[in-house]
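These notes concern the structure reproduced below.
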Amino acid sequence: MGAIPPPMLVLAGVVSLQVGAAFAKQLFPVAGASGVVALRLVFAAVVLLLVWRPSLRLDRRTWAVVAGYGAVLSGMNICIYQAFERIPLGAAVTIEFLGPLAVAVFGSRRKLDLVWAALAAAGVLLLSRVEGGLDPVGVGFALAAGAMWAAYILMGAKLGSRTSGGTGLALGMAFGAVVAAPFGVAEAGTALLDPTVLVAGLVVALMSSVVPYSLELEALRRMPPRVFGVLMSLEPAVAALAGLLVLGELLTGWQWAAVCCVVLASMGATRTSPG
1 MGAIPPPMLV
11 LAGVVSLQVG
21 AAFAKQLFPV
31 AGASGVVALR
41 LVFAAVVLLL
51 VWRPSLRLDR
61 RTWAVVAGYG
71 AVLSGMNICI
81 YQAFERIPLG
91 AAVTIEFLGP
101 LAVAVFGSRR
111 KLDLVWAALA
121 AAGVLLLSRV
131 EGGLDPVGVG
141 FALAAGAMWA
151 AYILMGAKLG
161 SRTSGGTGLA
171 LGMAFGAVVA
181 APFGVAEAGT
191 ALLDPTVLVA
201 GLVVALMSSV
211 VPYSLELEAL
221 RRMPPRVFGV
231 LMSLEPAVAA
241 LAGLLVLGEL
251 LTGWQWAAVC
261 CVVLASMGAT
271 RTSPG
């Protein structure tokens with residue numbers, strides 16, 4: 001990957017993540033949203049544990065951080081997949097993106113950040129301007145996923161300070177898989193043992209977890225975090241395109257305007273952030 005420019009690595013990771021989510025949604029009728037989450041996290045954990053082979057000799061506080069990170073990771077994925085089941089992919093990711101945007105905006109006291117907050121709020125209002133409206137339960141799950149994403153950012157920072165390499169990620173993913181597994185089994189049952197579902201779950205895990213995390217890790221080694229954040233802000237737009245091309249989910253003009261508002265707000269908050 002050393003020959004690939006870092007921005008291309010980030011964009012490839014974003015595309016892999018959102019296309020993987022679109023393919024995951026196609027599995028919902030067979031394995032359910034929670035079942036797909038369980039498969040994704042279990043397979044991703046197995047791959048990461050094999051790659052990093054983390055040591056289990058951690059102190060009690062580090063294990064607490066790993067457990068917290070894994071629980072938040074699991075909750076974030078369960079909530080966003082439940083949202084995917086009820087509302088279009090692009091709308092769900094746009095709402096979810098309010099979580100990391102809130103971390104960027106409320107972590108600052110500059111007046112300019114109020115502009116980005118207002119722009120994001122305008123995006124949310126535009127999302128509601130659709131005939132029949134969005135499923136309120138789906139919106140609620142997307143908002144919960146956003147809150148979990150904000151917590152995930154904060155827990156990820158703690159995890160990074162207490163572990164090295166991919167040790168924390170691998171152990172956190174394993175803990176998240178343990179948390180998600182009972183929900184998946186309760187919803188999907190023996191469908192999770194179907195060979196076709198297992199293969200599809202492995203593909204989703206690679207596309208939505210292993211590949212994007214690996215590409216992002218390599219990109220962060222060779223580019224400033226602020227630039228990385230700006231590129232990651234494209235996720236709602238990429239999710240909307242993935243939903244359109246893979247699932248045939250059409251967004252209205254107002255909804256596309258909402259996606260653009262949230263993307264611009266995220267880019268602005270990241271680009272002008274002092275740290």
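FYI, the numbering for the sequence shown is 1 to 275, going by UniProt numbering. Where a beta carbon is used, it is the ideal one built from N, C-alpha and C, also for glycine.
Give every residue of the same chain whose Cβ lies closer than 6 Å to the Cβ of Ala-205, excluding the five residues on either side of it in the sequence, and list them in chain order.
Position 205 of the sequence shown, counted from the start, is the residue given in the question as residue 205. Arg-40, Phe-43 and Ala-44.
Enumerate in chain order the residues of its own chain whose CB-to-CB distance from Ala-144 is below 7 Å, with the five nearest sequence positions on each side excluded.
As a working mapping, residue 144 is identified with position 144 in the sequence shown. Hits under 7 Å: Cys-79.
Which value, in whole angstroms, describes the spacing of the CA atoms of Ser-161 and Gly-133?
Numbered from 1 along the sequence shown, position 161 holds the residue referred to as residue 161. Numbered from 1 along the sequence shown, position 133 holds the residue referred to as residue 133. One C-alpha to the other measures close to 43 Å.
By Cβ distance below 6 Å, which residues in the same chain neighbour Pro-54 in space, the five residues on each side in sequence not counted?
For the purposes of this step, residue 54 is identified with residue 54 of the sequence shown, where counting begins at 1. Closer than 6 Å at the Cβ level, and outside the excluded window around Pro-54, lie Thr-167, Ala-170 and Leu-171.
Cβ of Ser-74 within 8 Å of Cβ of Ala-180?
Along the sequence shown, one-based indexing puts residue 74 at 74. Along the sequence shown, one-based indexing puts residue 180 at 180. Yes, the pair counts as a contact, with Cβ atoms nearer than the cut-off.
The alpha helix (DSSP H) spanning Glu-216 covers which residue range?
For the purposes of this step, residue 216 is identified with residue 216 of the sequence shown, where counting begins at 1. Per DSSP, Glu-216 belongs to the alpha helix (DSSP H) from 211 to 220.
Going by Cα to Cα distance, which pick from Arg-86, Trp-149 and Trp-116 is closest to Val-137?
Position 137 of the sequence shown, counted from the first residue, corresponds to residue 137. Looking at the Cα atoms, Arg-86 is the closest of the given residues.
For Trp-63, which option in Leu-231, Leu-192 and Met-173 has the closest C-alpha, if you only look at C-alpha atoms?
Reading the sequence shown from its first residue, position 63 is the one you call residue 63. Here the closest residue by C-alpha is Met-173.
Starting from the C-beta of Trp-116, find all residues in its chain whose C-beta is less than 7 Å away, skip the five residues before and the five after it, and write them out in chain order.
Taking the sequence shown and counting its residues from 1, one reaches residue 116 at position 116. So the list reads Val-105, Ala-265, Gly-268 and Ala-269, once near-sequence residues are dropped.
Please identify the residue among Val-238, Val-199 and Arg-271 whose C-alpha is closest to the C-alpha of Pro-88.
On the sequence shown, residue 88 is found 88 positions in, with the first residue counted as 1. Nearest C-alpha to Pro-88: Val-238.
Within 10 angstroms of the Cβ of Lys-111, are there 16 or more other Cβ atoms? Answer buried if so, exposed if not.
Here residue 111 is taken as the residue at index 111 of the sequence shown, counted from 1. By the neighbour-count rule (16 or more Cβ atoms within 10 Å), Lys-111 is not buried but exposed.
I need the straight-line Cα distance from Ala-24 to Leu-245, nearest angstrom please.
The residue given as residue 24 occupies position 24 in the sequence shown. The residue given as residue 245 occupies position 245 in the sequence shown. Cα to Cα, Ala-24 sits roughly 14 Å from Leu-245.
Suppose the cutoff is 6 Å on Cβ atoms and the five residues either side in sequence are ignored; what does the same chain contact list for Gly-176 look like?
Numbered from its first residue, the sequence shown carries residue 176 at position 176. Excluding sequence neighbours, Gly-176 sits near Leu-41, Gly-70, Leu-73 and Ser-74.
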